[in-house]
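One structure is given below, encoded as structure tokens.
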Amino acid sequence: MKNKSTFKKIVGKVHLWLGLASGLIVFVVAITGCIFAFSEEITNAQRKDVMYVQPEGKMLPTSILWENTQQKIGKEEQLSWVNIYNAPDKSWVFYTFKEDEEAVTYFSHIIYYKAIYVNPYTGQILRIYDEETDFFHVVKMLHWSLLLETRYGQPIVGYATLAFVVLLLSGLVLWWPKNKAARKQRLGFQWKNTTQWRRKNYDLHNVLGFYAGSIATILAVTGLVWAFQWVQMLVYVVASLSVTPPDFTPAKSVFNPATTAVNALDIAAQTTRTRHATANGFQIRPAAPEDTASVIGVYVQQKDGLYYHSHSLEYDRYTGKLLKERRHEDKNFGEKLVTANYDIHVGAILGIWGKILAFVASAICASLPLTGFMIWWARANKSKKK
Numbered sequence: 002m003k004n005k006s007t008f009k010k011i012v013g014k015v016h017l018w019l020g021l022a023s024g025l026i027v028f029v030v031a032i033t034g035c036i037f038a039f040s041e042e043i044t045n046a047q048r049k050d051v052m053y054v055q056p057e058g059k060m061l062p063t064s065i066l067w068e069n070t071q072q073k074i075g076k077e078e079q080l081s082w083v084n085i086y087n088a089p090d091k092s093w094v095f096y097t098f099k100e101d102e103e104a105v106t107y108f109s110h111i112i113y114y115k116a117i118y119v120n121p122y123t124g125q126i127l128r129i130y131d132e133e134t135d136f137f138h139v140v141k142m143l144h145w146s147l148l149l150e151t152r153y154g155q156p157i158v159g160y161a162t163l164a165f166v167v168l169l170l171s172g173l174v175l176w177w178p179k180n181k182a183a184r185k186q187r188l189g190f191q192w193k194n195t196t197q198w199r200r201k202n203y204d205l206h207n208v209l210g211f212y213a214g215s216i217a218t219i220l221a222v223t224g225l226v227w228a229f230q231w232v233q234m235l236v237y238v239v240a241s242l243s244v245t246p247p248d249f250t251p252a253k254s255v256f257n258p259a260t261t262a263v264n265a266l267d268i269a270a271q272t273t274r275t276r277h278a279t280a281n282g283f284q285i286r287p288a289a290p291e292d293t294a295s296v297i298g299v300y301v302q303q304k305d306g307l308y309y310h311s312h313s314l315e316y317d318r319y320t321g322k323l324l325k326e327r328r329h330e331d332k333n334f335g336e337k338l339v340t341a342n343y344d345i346h347v348g349a350i351l352g353i354w355g356k357i358l359a360f361v362a363s364a365i366c367a368s369l370p371l372t373g374f375m376i377w378w379a380r381a382n383k384s385k386k387k
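Per the numbering used here, the sequence shown starts with residue 2, numbered consecutively.
Dropping the structure here:
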């Protein structure tokens with residue numbers, strides 16, 4: 002019994018000091034995750050008037066839309082990729098993106114990042130959004146790296162998240178009741194009119210922390226998959242039962258002067274649309290101008306709002322010939338699980354109810370550092386008074 006009490010005291014000390022050390026970062030990451038939970042739905046509602054168009058005959062070729070859009074926005078910013086949708090009434094979205102890899106903060110890291118909504122039937126630019134200063138994008142980057150450049154901010158967020166996982170496990174040890182009477186108190190709020198705020202705060206920390214613990218652990222672990230390569234590798238190995246990584250060797254374009262001049266971008270777009278006619282849409286990224294062996298890269302999103310079911314294709318930049326394709330069905334379970342990490346992290350894997358769960362769990366996670374600090378503060382002041 003004495004050993005058990007000593008063990009809990011040690012766990013309590015670990016829980017206290019880890020909480021004090023990581024509490025502020027955990028609060029920022031959790032509250033931004035809570036705010037970001039329904040970002041896609043809110044953004045789509047705000048941009049609804051430019052997301053949809055009236056179909057007017059035949060869509061213009063991808064290359065023509067690319068050239069026209071680039072000409073209209075000027076040479077100061079270069080197009081980087083385009084999102085194309087199979088639905089005939091959806092506008093296409095062209096993106097410009099350039100970064101400064103030597104920068105330290107997020108706002109100095111992004112040189113420009115804009116989304117350009119275009120009518121695919123007429124080529125008309127419907128609206129341009131500055132994604133760099135978009136509210137939800139800023140929230141996402143605060144969540145991702147505390148508005149620091151990834152190589153600086155991600156490790157900070159990662160270690161704080163790792164500490165949070167330890168806090169959840171140690172909190173469960175401290176929460177575990179000694180008997181039935183204690184269990185009743187830990188599973189619900191037994192408040193009366195005479196219950197003091199310290200007791201209420203203690204119960205909020207323990208009861209809410211217990212009920213949100215399992216979801217919070219999933220959110221934290223999926224966050225660690227991005228923060229640390231070894232966590233991603235561990236998830237892959239355990240899920241796939243293999244230490245052999247997927248083959249990500251890129252295909253290479255081969256220049257042939259005898260090749261008849263064709264528009265490879267149009268061929269790649271049409272081939273992708275034919276091969277994945279049931280997909281929500283796909284993203285095309287042209288070959289890098291400075292690399293003669295680079296390919297046209299295509300990412301296919303099978304379902305709207307979900308990323309776990311996806312395919313990748315690579316086309317020759319000169320002929321538009323399909324060089325390599327990796328379909329969702331070709332992936333092992335480990336790769337599928339890693340690919341589904343984002344959908345699990347935001348709750349989208351379970352639809353709207355999953356997002357609600359993620360929202361509530363994130364809100365509770367944000368409250369835990371606050372209620373935990375207040376518990377410590379109250380005890381510290383009580384000790385001083387004594």
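Ideal placement from N, C-alpha and C gives every residue a C-beta, glycine not left out.
- The beta carbon of C366 is closer than 6 Å to those of A31 and A217 in its chain, skipping five residues each way along the sequence.
- Contact between the segment 272 to 287 and the segment 78 to 89 is present: 3 or more CB-CB pairs across the two stretches fall below 8 Å.
- DSSP places K99 inside the beta strand (DSSP E), whose first and last residues are W93 to E100.
- By the Cβ neighbour-count rule, G75 is exposed, with fewer than 16 other Cβ atoms within 10 Å of its own.
- Take S146, set aside five residues on each side of it, and the residues of its chain with a beta-carbon closer than 8 Å to its own are Y107, Y153, G154, Q155, I157 and V158, in chain order.
- T340 places its beta carbon less than 8 Å from that of Y309.
- Here the C-alpha atom of W227 lies approximately 21 Å from the C-alpha atom of L358.
- For N333, the three-state secondary structure derived from DSSP is coil.
- For K304, same chain residues with a beta-carbon under 7 Å away, outside a window of 5 residues either side, are N281 and H310 in chain order.
- Residue pairing by DSSP places R327 opposite S313 in a beta bridge.
- The closest CA to that of G306, considering only R380, G348, Q125 and I219, is found on G348.
- Looking at the DSSP output, F283 sits in a beta bridge with I85 and V301.
- S241 is positioned such that its CB atom lies closer than 8 Å to that of N333.
- Cβ contact annotation for W192 (same chain, cutoff 7 Å, sequence separation greater than five): K201, in chain order.
- With a threshold of 16 other beta carbon atoms within 10 Å, V94 meets it and is buried.
- The DSSP-derived three-state label of Y343 is helix.
- In the displayed model, V119 falls within a strand according to three-state DSSP.
- Secondary structure at Y130: strand, using DSSP grouped into helix, strand and coil.
- If you draw a straight line from the Cα of E102 to the Cα of M142, it is about 16 Å long.
- If you ignore the 5 residues before and after S171, its C-beta comes within less than 7 Å of the C-beta of V12, V15 and H16, all in its own chain and listed in chain order.
- The C-alpha of W67 lies about 16 Å from the C-alpha of V263.
- Between the beta-carbon of E133 and that of Y160 there is about 27 Å, and that puts the pair past the 8 Å contact cut.
- The residue among R128, L351 and T279 with its C-alpha nearest the C-alpha of Q302 is T279.
- For F165, the enclosing alpha helix (DSSP H) stretches over residues T151 to W176.
- Per the DSSP secondary-structure output, Y114 pairs in a beta bridge with F98.
- P62 places its beta carbon 8 Å or farther from that of Y122.
- Between S363 and L220, the beta carbon gap of about 7 Å places them in contact (Cβ cut-off 8 Å).
- The shortest CA-to-CA distance from I117 to any of L149, V83, I111 and A104 is the one to V83.
- In the three-state scheme derived from DSSP, where H, G and I count as helix and E and B as strand, T275 is classed as helix.
- Comparing C-alpha distances from T97 to each of A104, L235, I111 and E326 shows the shortest one belongs to I111.
- Of V140, V361, E100 and L169, the smallest CA-CA separation from N207 is found for L169.
- DSSP links L80 through a beta bridge to T97.
- Around the beta carbon of F136, fewer than 16 other beta carbons lie within 10 angstroms, which makes this residue exposed.
- Shown here, T293 sits in coil according to DSSP, grouped into three states, outside any helix or strand.
- No residue range can be given for R318, since it is assigned to no alpha helix (DSSP H) and is classified by DSSP as neither H nor E.
- For N202, the enclosing alpha helix (DSSP H) has its first and last residue at W198 to D204.
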